[in-house]
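Some notes on the structure that comes next.
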């Protein structure tokens, strides 16, 4: 049986499943396809690096790091979003 | 069991981002294990799938599972770095793979009665020049096989010129498929690539009998 071809997975598809990849939630074949794609694709490798850096930065944030005004603005946006307006 | 593992510069795992413990004073590095996650490594035949800047010999903890293009184990530790696999070897690998695509394109152009174009490909000295020349012959790729192969060659040699060896090799393997219209040619090309890596890096066979 031939191995999965890295080109079976497009960059757009990789972006869609990257969170699952980082969470270890992909099945073995899909995870392998993601990794084989990353070996070949500098763009997606850089995307993964930035994604990891963002997660790392977000983990360091505490609720009190958010200025009160920004916090209130965000809550306001969420309130309107939940009400569909 | 022993196997091979590509890492990014500084012993960094290319997908996990962690740094592998280094061997020191002739002793292997510390064992690395993760909860709910395996360690992956290569048999010799798997090497072309996972090309990277550093190549290490690794010891895998039993039980080892053999997958399509890699081995999986509950733990692993680095034994030694393969010093003959360096930036020059990585670049040379990409060029060697693109040269295989050049041979296929030259043959196809010659068969199609495009002798002058075949000669132009043969004359190209650098990978960048080869890519530019080949791109000029790939215009009607849907019409003629020789143009299709010139297109593959343009891409493979461009990647080789950028030292993107893994991509150059993958495109060359696809060129092999296009040349004979047989999907099994991909695996045959990968076997050639694995042999090239083993010879260039001076890899001694590692036991794979259990696989």
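Chains as they are written, first to last, in the numbering used here: chain A, 87 to 171; chain B, 534 to 744. Cβ coordinates follow ideal geometry from the N, Cα and C atoms, glycine included.
Limits of the alpha helix (DSSP H) - the one that residue i falls within
i	result
residue 657 (chain B)	Residue 657 (chain B) -> no alpha helix (DSSP H), and no H or E assigned at all.
residue 686 (chain B)	678 to 694
residue 608 (chain B)	Where residue 608 (chain B) is concerned, there is no enclosing alpha helix (DSSP H), although the beta strand (DSSP E) it sits in stretches over 608 to 614.
residue 112 (chain A)	Taken as a continuous stretch (DSSP letters only), residue 112 (chain A) belongs to no alpha helix (DSSP H), as it is neither H nor E.
residue 721 (chain B)	717 to 734
residue 713 (chain B)	698 to 713
residue 134 (chain A)	128 to 146
residue 627 (chain B)	620 to 644
Run of the beta strand (DSSP E) containing residue i, from where it starts to where it stops
i	result
residue 475 (chain B)	Given a span of 534 to 744 for chain B in the structure shown, any question on residue 475 (chain B) remains unanswerable.
residue 589 (chain B)	587 to 593
residue 572 (chain B)	572 to 574
Residue j beta carbon less than 8 Å from that of residue i
i	j	result
residue 553 (chain B)	residue 565 (chain B)	yes
residue 727 (chain B)	residue 580 (chain B)	yes
residue 631 (chain B)	residue 701 (chain B)	yes
residue 641 (chain B)	residue 687 (chain B)	no
residue 645 (chain B)	residue 679 (chain B)	yes
residue 585 (chain B)	residue 541 (chain B)	yes
residue 561 (chain B)	residue 610 (chain B)	yes
residue 101 (chain A)	residue 112 (chain A)	no
residue 606 (chain B)	residue 623 (chain B)	no
residue 599 (chain B)	residue 697 (chain B)	no
residue 574 (chain B)	residue 537 (chain B)	yes
residue 638 (chain B)	residue 682 (chain B)	yes
residue 74 (chain A)	residue 705 (chain B)	Outside the displayed span of chain A (87 to 171) sits residue 74 (chain A), for which this structure offers no information.
residue 544 (chain B)	residue 555 (chain B)	yes
residue 729 (chain B)	residue 629 (chain B)	yes
residue 670 (chain B)	residue 650 (chain B)	yes
residue 572 (chain B)	residue 590 (chain B)	no
residue 689 (chain B)	residue 718 (chain B)	no
residue 104 (chain A)	residue 134 (chain A)	yes
residue 685 (chain B)	residue 634 (chain B)	yes
residue 118 (chain A)	residue 602 (chain B)	yes
residue 597 (chain B)	residue 660 (chain B)	no
residue 138 (chain A)	residue 550 (chain B)	yes
Heavy atom of the ligand HEM within 7 Å of residue i beta-carbon
i	result
residue 737 (chain B)	The ligand HEM is not part of this structure, which contains no ligands at all.
Partners in chain E for residue i, counting only beta-carbon separations shorter than 9 Å
i	result
residue 570 (chain B)	This model lacks chain E altogether, as its protein chains are A and B.
Is the segment 656 to 671 of chain B in contact with the segment 689 to 703 of chain B, if contact means three or more CB pairs nearer than 8 Å?
-> yes
Selection of the segment 695 to 706 of chain B by Cβ proximity to chain A, strictly under 8 Å = 697, 699, 700, 703
Is the segment 155 to 167 of chain A in contact with the segment 557 to 573 of chain B, if contact means three or more CB pairs nearer than 8 Å?
-> no
At a Cβ cut of 7 Å, what residues of the segment 583 to 595 of chain B count as close to chain A, listed as they run along the chain?
-> 583, 584
Which residues, in chain order, does the segment 548 to 567 of chain B contribute to contact with chain A at a C-beta distance below 8 Å?
-> 548, 550
May I ask you to verify whether the segment 138 to 154 of chain A touches the segment 94 to 105 of chain A, counting CB pairs closer than 8 Å and requiring at least 3?
-> no
When Cβ atoms are compared, which residues of the segment 131 to 158 of chain A fall closer than 9 Å to chain B?
-> 131, 134, 135, 138
Short-range partners of chain B found in the segment 101 to 118 of chain A, where Cβ spacing is below 8 Å | 110, 114, 118
Any residues in the segment 627 to 645 of chain B with a beta carbon nearer than 8 Å to a beta carbon of chain A? Which ones, in chain order?
-> none
Residues of the segment 708 to 726 of chain B with Cβ closer than 9 Å to any Cβ of chain A, in chain order = 716, 717, 719, 720, 723
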